[in-house]
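Numbering (the working numbering), first residue to last: 516 to 936. In this text, a Cβ means the ideal position worked out from N, Cα and C, and glycines have one as well. Have a look at the structure below, then the notes.
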């Protein structure tokens with residue numbers, strides 16, 4: 516008996532075609548580059564248990580930079596230079612932003628990069644997100660990017676060709692189409708699809724694109740198709756997938772509408788799903804417990820700021836040209852948040868975890884000095900990560916701050932079409 520599809524990629528002429536992430540719909544169409552990429556993108560064989568071997572082999576390294584350099588050199592030297600550069604981009608610029616504490620236990624690096632060498636779909640997804648980051652930041656820096664950034668392989672960013680990220684995205688989406696029959700697939704295939712979708716969600720953070728609602732639906736649909744969490748099985752990959760999905764659900768909910776945001780954020784149990792990654796890292800780095808306590812406090816403050824706004828009655832008789840009246844209690848909440856945030860320096864190993872909470876608090880800012888403060892904080896985050904969602908988030912905040920009297924900023928978040936997290 517043949518299996519029928521239990522989940523589907525979005526129709527190219529519906530959800531994806533309306534994306535502001537330039538021409539993604541074209542990725543669903545056949546092209547003439549498959550042979551080129553089939554020849555150039557070599558899938559390097561690797562022991563299925565390499566992730567466990569890597570953890571054991573380098574468990575003594577405290578310096579995460581040393582671990583990164585040693586690990587990335589395990590990629591065979593016959594791998595094309597552009598692909599090695601993109602692996603380094605992922606290791607140095609992307610994996611560091613996606614985990615609570617970077618180091619030898621960074622699952623985005625020590626799980627996904629070895630897996631990419633075994634699995635063509637995951638490889639394509641890794642290359643896609645890395646290529647977007649590479650091209651966006653190369654253009655943003657007017658081709659003056661530090662040439663030492665990618666020197667671990669003896670090459671530089673200016674010397675190596677990197678494919679068009681939209682071609683790599685198209686290849687990834689076609690690979691996902693081929694694996695739509697998840698019910699019939701083995702667990703390896705199921706994990707591959709879900710991890711690839713998580714990587715594409717990361718590419719939306721990198722680009723600041725508007726595809727995150729579509730990708731979240733795809734993730735949920737794929738998970739449902741295999742029987743939910745129980746269908747994932749057990750093990751390190753299953754745990755990784757659920758931790759990341761829980762986190763994305765919370766981050767995305769306010770951007771999917773007030774009803775969805777209220778349903779998610781009003782539930783402490785659901786909001787606490789953000790702390791899955793924190794709890795995982797706390798087991799590995801107990802010395803950072805005080806920092807994690809500060810992060811938890813800021814998350815709860817951001818939660819309260821959101822709930823105060825979404826449940827408020829903003830109905831007024833103000834004219835559109837009237838300024839938004841200052842709400843003293845709201846100003847006090849934002850000031851309290853700023854006071855707590857300032858206790859965590861930019862150099863803190865958890866500073867990058869505070870992007871989402873900062874954006875939520877910034878949305879409630881009313882005083883000019885608060886607005887300037889939050890814009891500066893988000894620009895510093897962008898200077899560190901190079902993620903395009905931060906600059907687009909600043910533009911979204913300016914639209915939110917300029918809203919009409921009587922409008923809740925929580926109702927405007929879906930219109931910003933950017934996920935800042």
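Residue of the options minimising C-alpha distance to residue i
i: residue 919; options: 691, 867, 631 and 839; result: 839
i: residue 882; options: 894, 819, 928 and 844; result: 844
i: residue 729; options: 828, 715 and 886; result: 715
i: residue 773; options: 822, 712, 744 and 637; result: 822
i: residue 870; options: 909, 850, 885 and 848; result: 909
i: residue 622; options: 757, 775, 917 and 901; result: 757
i: residue 747; options: 702, 690, 929 and 852; result: 702
i: residue 733; options: 751, 713 and 745; result: 713
i: residue 724; options: 913, 927, 905 and 925; result: 905
i: residue 899; options: 752, 874, 867 and 927; result: 867
i: residue 929; options: 797, 767, 872 and 811; result: 767
i: residue 933; options: 721, 627, 639 and 700; result: 721
i: residue 797; options: 864, 848, 760 and 886; result: 864
i: residue 639; options: 627, 684, 676 and 618; result: 684
i: residue 689; options: 846, 911 and 637; result: 637
i: residue 736; options: 925, 650, 760 and 754; result: 760
i: residue 925; options: 693, 874, 743 and 745; result: 874
Where residue i falls, given that 16 or more other Cβ within 10 Å makes a residue buried
i: residue 612; result: buried
i: residue 738; result: buried
i: residue 861; result: exposed
i: residue 922; result: exposed
i: residue 718; result: buried
i: residue 888; result: buried
i: residue 632; result: buried
i: residue 678; result: buried
i: residue 826; result: exposed
i: residue 841; result: exposed
i: residue 817; result: buried
i: residue 652; result: buried
i: residue 879; result: buried
i: residue 801; result: exposed
i: residue 617; result: buried
i: residue 931; result: buried
i: residue 915; result: buried
i: residue 894; result: exposed
Limits of the alpha helix (DSSP H) - the one that residue i falls within
i: residue 807; result: 804 to 825
i: residue 792; result: 790 to 799
i: residue 780; result: 773 to 780
i: residue 681; result: 680 to 693
i: residue 715; result: 702 to 722
i: residue 854; result: 843 to 856
i: residue 737; result: 727 to 740
i: residue 892; result: 883 to 900
i: residue 865; result: Segment: none, residue 865 is in no alpha helix (DSSP H) and carries neither H nor E.
i: residue 765; result: 751 to 767
i: residue 931; result: 924 to 931
Proximity test, Cβ basis, 8 Å: residue i and chain D
i: residue 904; result: In the displayed structure, chain D is absent; only one protein chain is listed.
Do the segment 784 to 801 and the segment 592 to 612 make contact, defined as three or more Cβ pairs closer than 8 Å? No: the two stretches stay apart, fewer than three of their Cβ pairs being nearer than 8 Å.
So, does the segment 638 to 647 touch the segment 596 to 609, judging by three or more C-beta pairs under 8 Å? Judged by Cβ distances under 8 Å, the segment 638 to 647 makes contact with the segment 596 to 609, as three or more pairs qualify.
Unbroken stretches of the alpha helix (DSSP H), 4 residues or longer, contained in the segment 614 to 638: As far as the segment 614 to 638 is concerned, its whole alpha helix (DSSP H) runs of at least 4 residues are 622 to 625 and 627 to 633.
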